[in-house]
Structure formats: structure tokens, C-alpha cells
Amino acid sequence: MKKAEWVLILTALIIMVPQLWGRSAVPQVHTDLGMVEGNRENGVNAFLGIPYAAPPVGELRWKPPMPASKWDGVRKATSFGARCMQGRVYDDMVFSDTGPSEDCLTLNVWAPSDAQGKLPVMLWIYGGGFVAGGTSEPRQDGSNLAKRGVLVVSMNYRLGVFGFFTHAELAAESDNRAAGNYGLLDQVAALDWVQRNIADFGGDPGNVTIFGESAGSFSVSALMASPLAKGLFQKAIGESGAAFYSHGLPFKMLAEREQEDQKFTATLKVKTLAALRALPSEKLLSTAMKKKGGKSRFKFEPTVDGYFLPEPVPKIFADGKQNDVPLLAGWNRDEGDSELNGHKNPNAAMYKEAAEKEFGARAPEFLKLYPGATNAEAKRSLQDFNGDDFIAFSTWKWLEVQKTSGKQVVYRYKFDLALPTRKKSDESRAYHSA
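Counting from 24, one number per residue, gives the positions in the sequence shown under my numbering.
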């Protein structure tokens, strides 16, 4: 071989080896907004903190998610984006991000590093009562699930007053005459991002499963009901909860929500939407978290807005207008607590009195189902009833209505495995979010 040929071969190797090494050690993917570079660890490629919508700040506060801006070069996607604005609500939530912040609309992707072909996609929606939560919690890491051969996506969505506040001026400025549900619209935007980009990560946009727990499960039922999510997912999993309550509507109508949120606006002593948008996020959050008698003064949650939800979720399902996809849903054995009218550990006499007051002539029937002859029995029955009323019934009703009005397969589960307790005095239970 001639010397010139050797020089060409060596030159090509010098150029190619760094590229090949970079491809094996540092995963890069081109999205429709620009190139992202993630981490590779233990057989999983992780891309963290990818923007899927513009920061909802300033004039974009309380507006549907807008497209994110493109970027030049390679964007590092190696750390979680900030969680959305929230206070300290649940002691068991521990985050590893830099939040909270209004600039929070980012998502994460975990993919097997040896992925071949198009893999199924699972998009996770965290719980937290629509007031708390974020994707940086260690227990929400998607790498272990990705090792089983799926692509896992999780996203932050707006919460509390930032995600579900309603106001007459908001409805007036909207093309759809709607207000609220910004957190749910964020979820739709993330699903739309998946449709546009997940194939480049090795995923199949035609095989997307949405799954969530608690408020995330409520979100799954709402996404099944929303025409805005049509075609964005093909399967659904709900873990503990759905927008089907045992009494009343789960989500209030827009007019009623606007009246309630006027009390919040009055507390802030501002009269216009412009003034509300000009307030610091910390001021809005601290006011939204005020309590009275141990309970939150203000409640911000999804609304039947006529746009994301044209009608109440139960009616949409009953009429067969839902996104009809295979559904797996269930609940845990010990979803409820033993609180009764503010008392953490009521005795048998208090339990019986409350049952008679609530159910009147049907109290004996109730006490037969949930007996409370002793203090211990009353505590156990309260846990069972509160869990059934809070979570189990709504999830069961969701499954029953879907089975009746839908054409796809429906699966139901019940999770009974009790987790080990931290203290010997604590009861081992399969509690909510276990």
C-alpha cells in the first residue's frame, strides 16, 4: 500500500474515532427545537430538562402553553429543570432540582442505550393534589423502567394558582372563552412534543401509554375525556383516582370556579388581570397557601371550562365521547386515613355519632359495612371508608363506565402489598402513593 493511502486512512481514523467515541459515551439527539445532549449510565440514556413549551411568565402567565424557542448548538440535557411553583405541602416529597419556579415547562426522556427499532413510550404524570409535585423526585426516576425496554417520559406541569386559576378577564381574552386548566393544557403540549420528537429517541409515537398516580391518575381520566388529547396516546393507566366522585361533580363548572376565585383576587386587593400578572410569583403563592381553621382557604383544581373539558368528565364517558383506549386502573388497599372532622384518632363513640349524623336512618346499614364497636375497629373502618370515598369509588366508577361505553379492553387491579414501616409503632399499610 502506498504511503499516500496510509496517510488517508490514518487521517480518516483520526477524524472518525472521536465522533464514534462521543456517540457511544455521550448520547445526542436532534429535536425539532435543536440538539440535546444527555447522560449515559447503566445502560440508559437520560435526557433531562428539555423545554417543551415557552416559560409561562409575564404576559404568558395563565395562558395556554406557547411554543418554546429554538436554540443553536448543543443544549446540555443533564440536569432536571425547576419544578413548578409550589409550597411545602407533603413531607414525603424530596426534590433534586433548582426550583420552584414559574419557568418550569420541561420534560425528561429515559431510553435504553441499546434500543433497536421503535420502542413503546410511557408518559408519566406525577401526583400531588394539583398543588405539588415534580419530576426530580428520586422515586420518579424513569431509568429502571427504561431498562425493561420502553422509553419513559415525564414532564412538569403548572400547579395550584399558576395552573388552575380562573378569572372573567382570562376567559374574555381567550379565543375559546375558557380559563383555568393550564396545567392540563401543559400535559397536552408535552404529549404533542412526544408525537413530534420521540421517534428520534427510538420511541414509537403510535404506541404511547399515559400513566399517573393520584392527581396524575385524575389527569389520565381527564385526558381520556378531552378532545384536545385525541390521537396523542393509545393506552392509559390510572393509579388511585379519577374524575368520578361519589357525590357531586369532581371538577366544578367555569362560572362557579370564577366566583370562588374572586375571593382570592379580593384578598390580593387587585382589580385587573394586568395587575395580577404583575404580582411576584411568591406573593401569589403565599396568598394561595393561606389557611383558615387548619384548611386551605383557596382551592385551585381542574375546571369544566368548555374547551379542554367541553362537559363534565362523567358525562363525556357516559355518552361515549371519550378517547376510547385500553385502560388499566386500580387502587391501594389502604388509601384513606383515620381522620374524622379534624380528629386524627376518634373513638368509637365519636365514630358512631358521626355515622348517625351523616347517614340518618341508614346509619345501621353503614355501620354494618364499616363497623366501629371498639376504638381500634372504628379507626380501621374510618381508614377503609375514607379510602373508598376518596379514591376507590372514583377509580372503580371510571372503570365501570369505560367498560360500558367504550369498546376497548379494561383491566382492574388492587394493590395489597404493605410497605415496611419506619417505626415499630406504625401500622404497616398499602397506603396512598405506596
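For every residue, glycine included, the Cβ atom is placed at its ideal position computed from N, Cα and C.
Does DSSP classify THR295 as helix, strand or coil? Here residue 295 refers to the residue found at position 272 when the sequence shown is read from its first residue. Coil, per DSSP.
Check each candidate in SER92, LEU351, GLY264 and PRO123 and name the one with the smallest Cα separation from GLY104. By 1-based counting over the sequence shown, the position of residue 104 is 81. For the residues SER92, LEU351, GLY264 and PRO123, the minimum Cα distance to GLY104 belongs to PRO123.
Identity of the residue in SER304, GLU281, SER242 and PRO135 nearest TYR180 by Cα: Mapped onto the sequence shown, residue 180 falls at position 157. Here the closest residue by C-alpha is SER242.
For the segment 205-213 and the segment 75-93, state whether three or more C-beta atom pairs, one from each stretch, are separated by less than 8 angstroms. yes
Helix, strand or coil: how does DSSP classify ASP227 here? As a working mapping, residue 227 is identified with position 204 in the sequence shown. In the structure shown, ASP227 sits in a strand (DSSP, three-state: E or B).
Measuring alpha carbon to alpha carbon, tell me which residue in ALA371, SER102, THR310 and VAL80 is nearest VAL504. Examination of residue 504 is not possible in this model, given that the chain is present from 24 through 457 alone.
Residue interval of the beta strand (DSSP E) (run including VAL52): The residue labelled residue 52 in the question sits at position 29 within the sequence shown. Taken as a continuous stretch (DSSP letters only), the beta strand (DSSP E) holding VAL52 covers 51-54.
In this structure, does DSSP put GLU358 in helix, strand or coil? Within the sequence shown, residue 358 is the residue found at index 335, counting from 1. The answer is coil: DSSP assigns GLU358 none of H, G, I, E or B.
Name the two residues that bound the continuous beta strand (DSSP E) containing TYR436. As a first step, residue 436 must be located in the sequence shown, where it is residue number 413. Note, TYR436: beta strand (DSSP E), 433-438.
Throw me the rounded Cβ distance for the VAL52 and ASP223 pair, which I believe falls under 8 angstroms. To locate residue 52, count along the sequence shown from 1; it is residue 29. To locate residue 223, count along the sequence shown from 1; it is residue 200. Confirmed, Cβ separation roughly 5 angstroms.
Which of the three DSSP states is assigned to GLY104 in this structure? Translated into the one-based positions of the sequence shown, residue 104 becomes position 81. In this structure, GLY104 counts as coil in the three-state DSSP scheme.
The alpha helix (DSSP H) that contains ARG63, what's its start and end? Residue 63 sits at position 40 when you count from the first residue of the sequence shown. ARG63 -> not in any alpha helix (DSSP H); beta strand (DSSP E) instead, spanning 62-64.
Tell me, please, whether the segment 336-354 touches the segment 245-265 by the rule of three or more beta-carbon pairs shorter than 8 angstroms. yes
Collapsed DSSP secondary structure at ARG98 in the structure displayed: Within the sequence shown, the letter at position 75 stands for residue 98. In this structure, ARG98 counts as strand in the three-state DSSP scheme.
Cβ pair TYR268, GLY353 closer than 7 angstroms: Position 245 of the sequence shown, counting from 1, holds the residue named residue 268. Position 330 of the sequence shown, counting from 1, holds the residue named residue 353. Not in contact: TYR268 and GLY353 (Cβ atoms no closer than 7 angstroms).
In the DSSP assignment, find the beta strand (DSSP E) that holds ASN131 and state where it starts and stops. Stepping through the sequence shown from its first residue, residue 131 is reached at position 108. Note, ASN131: beta strand (DSSP E), 129-135.
Selected residue, minimal CA-CA separation from ASN368, among ALA202, LYS402 and VAL112: Residue mapping note: residue 368 aligns to position 345 of the sequence shown, counting from 1. Measuring from the Cα of ASN368, the nearest candidate turns out to be LYS402.
Determine the DSSP secondary structure at ASN68, reduced to helix, strand or coil. Residue numbering aside, residue 68 sits at position 45 when the sequence shown is read from its first letter. Reduced to three states, the DSSP call for ASN68 is strand.
Same chain, Cβ closer than 8 angstroms to TRP44, five either side skipped, listed in chain order: Counted from its first residue, the sequence shown places residue 44 at position 21. Low local confidence applies: a pLDDT of 36 at TRP44 is under 50, so the model's placement there is unreliable, with the coordinate-based value given in what follows. Excluding residues within five positions, none has a Cβ falling inside 8 angstroms.
Looking at the secondary structure, which residues open and close the beta strand (DSSP E) in which ILE260 lies? Indexing the sequence shown from 1 puts residue 260 at position 237. 258-262 is the span of the beta strand (DSSP E), which, as asked, contains ILE260.
Under the rule that 16 or more other beta-carbon atoms within 10 Å means buried, what is SER309, buried or exposed? Translated into the one-based positions of the sequence shown, residue 309 becomes position 286. By the 10 Å Cβ count, SER309 comes out exposed.
Classify LEU251 as helix, strand or coil using the three-state DSSP reduction. Taking the first residue of the sequence shown as 1, we reach residue 251 at position 228. Helix.
Report the residue ranges of all alpha helix (DSSP H) runs contained in full by the segment 359-394; include only those spanning at least 4 residues, in chain order. 371-382 and 386-392
Compute the Euclidean distance between the alpha carbons of PRO79 and GLY150, then round it to the nearest angstrom. Within the sequence shown, residue 79 is the residue found at index 56, counting from 1. Within the sequence shown, residue 150 is the residue found at index 127, counting from 1. Taking the straight line from one Cα to the other gives about 21 angstroms.
Which of helix, strand or coil DSSP assigns to PHE234: One-based indexing of the sequence shown puts residue 234 at position 211. Three-state result, PHE234: strand.
Hey, how far is the Cα of ALA195 from the Cα of GLY203? Numbered from its first residue, the sequence shown carries residue 195 at position 172. Numbered from its first residue, the sequence shown carries residue 203 at position 180. ALA195 and GLY203: Cα-Cα distance of roughly 12 angstroms.
Starting from LEU146, trace the alpha helix (DSSP H) both ways and give me its first and last residue. Along the sequence shown, read from residue 1 onward, the residue named residue 146 stands at position 123. Run containing LEU146: none in the alpha helix (DSSP H); it sits in the beta strand (DSSP E), 142-148.
Cβ-based neighbour list, GLU324, same chain, cut-off 6 angstroms, excluding 5 preceding and 5 following: Within the sequence shown, residue 324 is the residue found at index 301, counting from 1. Excluding residues within five positions, the ones whose Cβ falls inside 6 angstroms are PHE153 and PHE187.
Can you give me the Cβ contacts of THR295 inside the same chain, cut-off strictly under 8 angstroms, excluding the 5 residues immediately before and after it? As a position in the sequence shown, residue 295 is number 272, starting the count at 1. Once the five neighbours on either side are set aside, the close Cβ partners of THR295 are GLU192.
Nearest to ALA48 by alpha carbon, out of LEU442, ASP126 and ASN65? For this step, residue 48 is matched to residue 25 along the sequence shown. Ranking the options by Cα distance to ALA48, first place goes to ASN65.
By Cβ distance below 6 angstroms, which residues in the same chain neighbour LEU307 in space, the five residues on each side in sequence not counted? As a position in the sequence shown, residue 307 is number 284, starting the count at 1. Excluding sequence neighbours, LEU307 sits near VAL184.
Within 10 Å of its beta-carbon, does THR34 have 16 or more other beta-carbons around it, so buried, or fewer, so exposed? Against the sequence shown, residue 34 aligns to sequence position 11. Only weak support is given to the placement of THR34: the predicted model assigns it a pLDDT of 47, under 50, and the value that follows is read from those uncertain coordinates. The residue in question, THR34, is exposed, as its Cβ has fewer than 16 Cβ neighbours within 10 Å.
Judging by CA-CA distance, which residue of VAL336, PHE413, ALA384 and LYS375 is the nearest neighbour of GLY395? Reading the sequence shown from its first residue, position 372 is the one you call residue 395. For GLY395, the nearest C-alpha among the options comes from LYS375.
Which residues does DSSP pair with THR418 in a beta bridge? Position 395 of the sequence shown, counted from the start, is the residue given in the question as residue 418. Beta-bridge pairing links THR418 to no other residue.
Within 7 angstroms, strictly: CB atoms of ASP439 and ARG356: On the sequence shown, position 416 is the one that residue 439 refers to. On the sequence shown, position 333 is the one that residue 356 refers to. It is a contact, given that the beta carbons lie within the stated cut-off.
With DSSP as the reference, please indicate the residues paired to ILE73 in a beta bridge. As a first step, residue 73 is located in the sequence shown; it is residue number 50 there, counting from the start. ILE73 is bridged to LEU130.
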